[in-house]
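One structure is given below, encoded as structure tokens.
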Amino acid sequence: MIPEAISVQYDLGSGRTLSMETGRLAKQAGGAVMVRLGDTMVLCTAVLSDTVREEQSFFPLTVDYRENFSSGGKIPGGFIKREGRSNDKEIITSRLVDRAIRPLFPDGFRNPVQVLASVVSADDRNNGDMLACVGASAALLLAGAPFDGPIAEVRIGRINGSFVVNPSLEEVAASDFNLVVAGKPDSILMVEGEMKEVQEEEMLEALQVAHAAIRELCSIQVRLVAAAGAAPPFSYTTVAPRTSVVDQVRTLIGEKVDSHVRAPYQKSTFYDGLRNLRGEAVDMLLDMDPDCDPKEAGAAASCVERDVMRELVLSDQRRIDGRSPQEVRPIWCQAGYLPRVHGSAIFTRGETQVLASVTLGTTRDVQPVDQVFDDQDKRFFLHYEFPPFSTGEVKMLRGASRREVGHGFLAERALQGMLPDMDVFPYTIRVNADVLESNGSSSMASVCSGSMALMDAGVPVRAAVAGVAMGLISDGERSVVLTDILGTEDHLGDMDFKVTGTRKGITACQMDIKIGGLSQELMLDAMVQAREARFHILDMMDLEITESSESMSPYAPRLTHIVIDATLIGALIGPGGKVIKGIQASTGATVEVEERDGKGYVTVSSTDGDSADAAIEMIRSIVTVPEVGDEYEGTVRSLLDFGAILEILPGKEGLLHISELDYGYVEHVTDHVQVGDKVRVRILEIRDGGKIRLSRKALLPEPDGYTPHKPRRRPSGRDRGPSSRRPRGRSGPRGRHK
26 MIPEAISVQY DLGSGRTLSM ETGRLAKQAG GAVMVRLGDT MVLCTAVLSD
76 TVREEQSFFP LTVDYRENFS SGGKIPGGFI KREGRSNDKE IITSRLVDRA
126 IRPLFPDGFR NPVQVLASVV SADDRNNGDM LACVGASAAL LLAGAPFDGP
176 IAEVRIGRIN GSFVVNPSLE EVAASDFNLV VAGKPDSILM VEGEMKEVQE
226 EEMLEALQVA HAAIRELCSI QVRLVAAAGA APPFSYTTVA PRTSVVDQVR
276 TLIGEKVDSH VRAPYQKSTF YDGLRNLRGE AVDMLLDMDP DCDPKEAGAA
326 ASCVERDVMR ELVLSDQRRI DGRSPQEVRP IWCQAGYLPR VHGSAIFTRG
376 ETQVLASVTL GTTRDVQPVD QVFDDQDKRF FLHYEFPPFS TGEVKMLRGA
426 SRREVGHGFL AERALQGMLP DMDVFPYTIR VNADVLESNG SSSMASVCSG
476 SMALMDAGVP VRAAVAGVAM GLISDGERSV VLTDILGTED HLGDMDFKVT
526 GTRKGITACQ MDIKIGGLSQ ELMLDAMVQA REARFHILDM MDLEITESSE
576 SMSPYAPRLT HIVIDATLIG ALIGPGGKVI KGIQASTGAT VEVEERDGKG
626 YVTVSSTDGD SADAAIEMIR SIVTVPEVGD EYEGTVRSLL DFGAILEILP
676 GKEGLLHISE LDYGYVEHVT DHVQVGDKVR VRILEIRDGG KIRLSRKALL
726 PEPDGYTPHK PRRRPSGRDR GPSSRRPRGR SGPRGRHK
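All you need for our numbering is the position in the sequence shown, starting with 1, plus 25.
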């Protein structure tokens, strides 16, 4: 007997319904929910472990979102037909869920938690990523997790000025907003997305629309859990220093910490000093009580440091490096630093430095995309690298971490909208952003260096893009927004809000809020303050480079884009690729052909201008449609009794009749041309079926006294008389005479 499921629904409008179901599948998980929108279904599960690893110093939360190819009726491409490591889309979605739910677990919670979201059915209209967070929240509630939910996540688009909640894949492509917002019924927790140079007030309006939908999605989770019944509350203990120990440490080193954070700032001495004070506090506590826990004492010292630095900002409007809340650290930058790459730039802001390089490639260098909801190849991608030396650490080098993928994707989105269309600039573009120093917002430095490197490479970007990270310190009554935050300010603060854009508007953003009740007015203040900082950074970038270089690197391939009729693609490629391979072999250029929108797009690439010109000339000769009156230098391919066959264009031949070889009577074709000769001719006629008649005579000077010969009219049978008529045979009127 099929068990009955418990389900709830929410009307998204426009005939779309989001439903949530539990009680039928994956019942051994702590919580399991199937979320459905259209024919897209995502199974979300949550499991909590009651075993805590000894010496565990962090919250081991694991979130994995996976898109199974079978869900869309697909088989993975490539040699291996099993889903492999997570692709970038899956990593980004996993991070979106993680960033929304992680802050809602208690401080000091150390039990392992695993949240899995698997797309099990996928249509071609509704993405599965936004369903994952809603399902994860409901699954955690059903599992009885110590989770301050429910939460929900929605995507906001805007089409023709109207905001759309969870737009379809087609609507996202037509939208000037692609904004993901996560939140609770009373507050927004996380924001990430890309926009087309929108204003801060428009951003705030989008957040309001998103929050209204989030409240509704949270309410249906409450209904679902009430109907299904949640598991008993999860039993756990937190790891945190006791208040009495924190107060004791504050008495011992509080004033010393305050004096230290007010001293002139230098990163190495600042953090070394804090470590020394922390060690001093531990030693003093051990002297007072040998049985005290050194780890608890160290954690208590960290709490005191955090409180002192936050109070410095709230009471004195002063930061640990001496800046005011609105001040940006000193900036210097340099374009064209690397001689052999196609474009490069260094951007340094305080103790954060990124070296960006640009590589230009052909359409063969695009990033193939093999995903359930997307198969559009990428022609622009930014790779962010964060080596351990950038923070003075020693670590093993591995593949790109989730953090590196996420930061790179944010910088990529920030620059994407400023790139020219492929018809204007048909290059594949790769930006490498290598972090050389890091103390706060290396992703925003990657945007700045990447923008300058693109201009240095000669990419005709629409405008320069800059980014800045904003922070917030708030105690509920006092709030201070911080511009260009340090790593420590990110750690001890209540908000990390990264905003990128041009002088016209915002192009991308990423925000994590660690407190509830952040007012819309304060959020708008943060965005306006970020705009002022962005303009200042753009001013500093303009001192180094203001527009795209007119010339490209001599080491970059030269691409020429030719648009041809789609019916001529076959002629250009030739049987088995013979024609196009011949062009590449004879010229040394690379020729690529693709069909889009009923047209043929031919790209010729070469670092040598002469070889590119030769290839272009050959291509144009193939795709050119001959017309009457056009003149060509043809090659004699064969001789006939009544004329010669000339190839006037690759694959195009015409007849040069004996009467069109020269003025006067021509007895033998070979008296004038031989096979292989180059002959200048004019097209006289193009008959049905494409047969071409040529003339050499039309291009020769007319002899003196030449009188055009009028051919005699052949007499008809009626003129010939009875004796000239064909006798009739036995086979009938037209039979052969015997």
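All C-beta atoms in this analysis are idealised placements derived from N, C-alpha and C, irrespective of residue type, glycine included.
Coil, strand or helix - residue i by DSSP
i           : result
residue 20  : Examination of residue 20 is not possible in this model, given that the chain is present from 26 through 763 alone.
residue 158 : helix
residue 447 : coil
residue 667 : coil
residue 662 : strand
residue 605 : helix
residue 520 : strand
residue 119 : helix
residue 292 : helix
residue 93  : coil
residue 682 : strand
residue 677 : strand
residue 367 : coil
residue 829 : The shown model of the chain, from 26 to 763, leaves out residue 829, and the question about it has no answer.
residue 133 : coil
residue 176 : coil
residue 102 : coil
residue 378 : strand
residue 647 : helix
residue 309 : helix
residue 703 : strand
Residues bridged to residue i [DSSP beta-bridge criterion]
i           : result
residue 70  : 57 and 141
residue 224 : Answer is none; residue 224 lacks a bridge partner.
residue 455 : 384 and 406
residue 218 : 204 and 534
residue 496 : 507 and 521
residue 473 : Answer is none; residue 473 lacks a bridge partner.
residue 213 : 208
residue 562 : Its beta-bridge partners do not exist; DSSP assigns none.
residue 587 : 627
residue 37  : Partner(s): none; residue 37 has no beta bridge.
residue 45  : 33 and 60
Residue burial classification, residue i (beta-carbon count within 10 angstroms, cutoff 16)
i           : result
residue 246 : buried
residue 621 : exposed
residue 58  : buried
residue 29  : exposed
residue 692 : exposed
residue 38  : exposed
residue 554 : buried
residue 420 : exposed
residue 415 : buried
residue 167 : buried
residue 703 : exposed
residue 226 : exposed
residue 47  : buried
residue 600 : exposed
heavy atom of the ligand MG below 6 angstroms from residue i C-beta
i           : result
residue 548 : This structure lacks the ligand MG; in fact it carries no ligand of any kind.
Neighbourhood of residue i by C-beta, 8 angstroms cutoff - its chain only, sequence neighbours within 5 removed
i           : result
residue 362 : 369, 370, 371 and 380
residue 185 : none
residue 631 : 582, 583, 612, 613, 614, 615, 637 and 640
residue 258 : 169 and 171
residue 743 : Confidence at residue 743 is low in this model, with a pLDDT of 48, below 50, so the placement of that residue is unreliable and no value is reported for it.
residue 311 : 317, 319 and 322
Nearest-angstrom beta carbon gap, residue j and residue i [assumed within contact, 8 angstroms]
i           : j           : result
residue 190 : residue 234 : 7 angstroms
residue 519 : residue 540 : 5 angstroms
residue 41  : residue 68  : About 20 angstroms separates the two Cβ atoms, so there is no contact after all.
residue 694 : residue 668 : 6 angstroms
residue 699 : residue 661 : 7 angstroms
Residues near residue i in its chain [Cβ-Cβ closer than 6 angstroms; skip 5 each side]
i           : result
residue 326 : 274, 303 and 306
residue 457 : 382 and 408
residue 70  : 51, 54, 57, 141 and 164
residue 86  : 127 and 138
residue 90  : 115, 118, 119, 142 and 157
residue 77  : 135 and 136
Neighbourhood of residue i by C-beta distance below 7 angstroms, restricted to the same chain and skipping five residues each side
i           : result
residue 197 : 182 and 203
residue 395 : 101 and 102
7 angstroms Cβ cutoff, residue i in contact with chain C
i          : result
residue 91 : Structure shown: chain C not included; a single protein chain is present.
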